[in-house]
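Read through the structure below, which is laid out as structure tokens, and then see the notes.
Residue numbers (my numbering): 5 to 166.
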């Protein structure tokens, strides 16, 4: 979705729960953790490697992160899958989140890697969203001061430590 995609903007605003900063009120920790484990196992199998999995994230809107090593990716660079606690949102980044614009990442990312990750994510019911729009200034229901001294973005709202 392009940066100005109104559907993505609407989704981000719709998920913005004014009562819950780290996870939505209807969050099912056990179900979410089990599906995240499935994601890690599927990526391990599809990339023929042991991905590094950060599954014990606390004080964050981020569920977890899975790092696919460069040696396993056709792209030849590390890939990172970040999963939010909100709306089953998931992002694929090249090297690390925040390094490349979506256009730059698309130029670096081998189509086979993109297809493998997207197939696994959508197969498990995740909403595969582009990264760049998430770097837009946060204009949701929370007071920006909640996000600390840094300039709040939608990335911080859904994919970062709080």
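Each residue gets a CB set at the ideal place from its N, CA and C atoms; glycine is no exception.
Which of helix, strand or coil does DSSP assign to residue i?
{"i": "residue 24", "result": "coil"}
{"i": "residue 157", "result": "strand"}
To which residues of the same chain is residue i closer than 8 Å at the C-beta, ignoring the five residues directly before and after it?
{"i": "residue 127", "result": "46"}
In this structure, what does DSSP give as the bridge partners for residue i?
{"i": "residue 105", "result": "Residue 105 pairs with nothing; no bridge assigned."}
{"i": "residue 58", "result": "69"}
Keeping to the same chain, check which residues put their C-beta closer than 7 Å to that of residue i; ignore five residues upstream and five downstream.
{"i": "residue 50", "result": "120, 124"}
{"i": "residue 122", "result": "132"}
Decide if residue i is buried, meaning its Cβ has at least 16 other Cβ atoms within 10 Å, or exposed.
{"i": "residue 169", "result": "One cannot answer for residue 169 here, as it falls past the ends of the chain, which runs 5 to 166."}
{"i": "residue 84", "result": "buried"}
{"i": "residue 167", "result": "Because the chain spans 5 through 166 in this model, residue 167 falls outside it and cannot be assessed."}
{"i": "residue 161", "result": "buried"}
{"i": "residue 101", "result": "buried"}
{"i": "residue 107", "result": "exposed"}
Is any beta-carbon of chain B found at less than 8 Å from that of residue i?
{"i": "residue 105", "result": "Judged by its chain identifiers, the structure shown contains no chain B, having just a single protein chain."}
Leaving aside the five residues before and after residue i along the sequence, list all residues of the same chain whose C-beta is less than 6 Å from its C-beta, in chain order.
{"i": "residue 7", "result": "Legend: pLDDT at residue 7 = 36, less than 50; position of this residue unreliable, value from coordinates given subsequently. Excluding sequence neighbours, residue 7 sits near 136, 137."}
Would you say the beta carbon of residue i comes nearer than 7 Å to a heavy atom of the ligand ZN?
{"i": "residue 55", "result": "With respect to the ligand ZN, the structure offers nothing, as it holds no ligand at all."}
Within the continuous beta strand (DSSP E) that includes residue i, where are the two ends?
{"i": "residue 94", "result": "93–98"}
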